[in-house]
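Colleague:
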Amino acid sequence: MKNINEVLRKLAETRLSCPTFIIDELERLYYEAEENGMATALLEADLLATKKELAERDRRIAWLTNELGE
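Numbered by my numbering, the letters in the sequence shown go through residues 455 to 524 in order.
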């Protein structure tokens, strides 16, 4: 995703007429997308930790099952 400053610079360079409310909305959407990306990264890290924990529990259950079966 382009940096909001790049988008604003490009608008200024091309001298495109752009109402203030559109610029404001572009900035709002950019920062919202950035926040959503950070939240997604945190959730993915949490999911990975949960998967690792479940894998460890599965190994422990398998080991205990093997011990009880002998």
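Where is the CB? At the ideal position from N, CA and C, for every residue including glycine.
As the structure is a prediction and not an experimental result, all values here were calculated from the model.
(1) Counting only the same chain and skipping the five closest in sequence on each side, list residues whose C-beta sits under 8 Å from that of I477.
(2) At a cut-off of 7 Å, would you count E481 as near the ligand COA, judging by its Cβ distance to the nearest heavy atom?
(3) Taking C-beta to C-beta, are I458 and E479 nearer than 8 Å?
(4) How far does the alpha helix (DSSP H) with N520 in it reach, from first residue to last?
Modeller: Based on what the coordinates show:
(1) Looking up residue 477 in the sequence shown gives position 23. The residues are L462, L465.
(2) This structure does not include the ligand COA; it has no bound ligands of any sort.
(3) By one-based count along the sequence shown, residue 458 stands at place 4. By one-based count along the sequence shown, residue 479 stands at place 25. No, these two residues do not count as a Cβ contact at 8 Å.
(4) In the sequence shown, the residue the question calls residue 520 occupies position 66. It spans 474-523 - the alpha helix (DSSP H) in which N520 sits, taken as one unbroken run.
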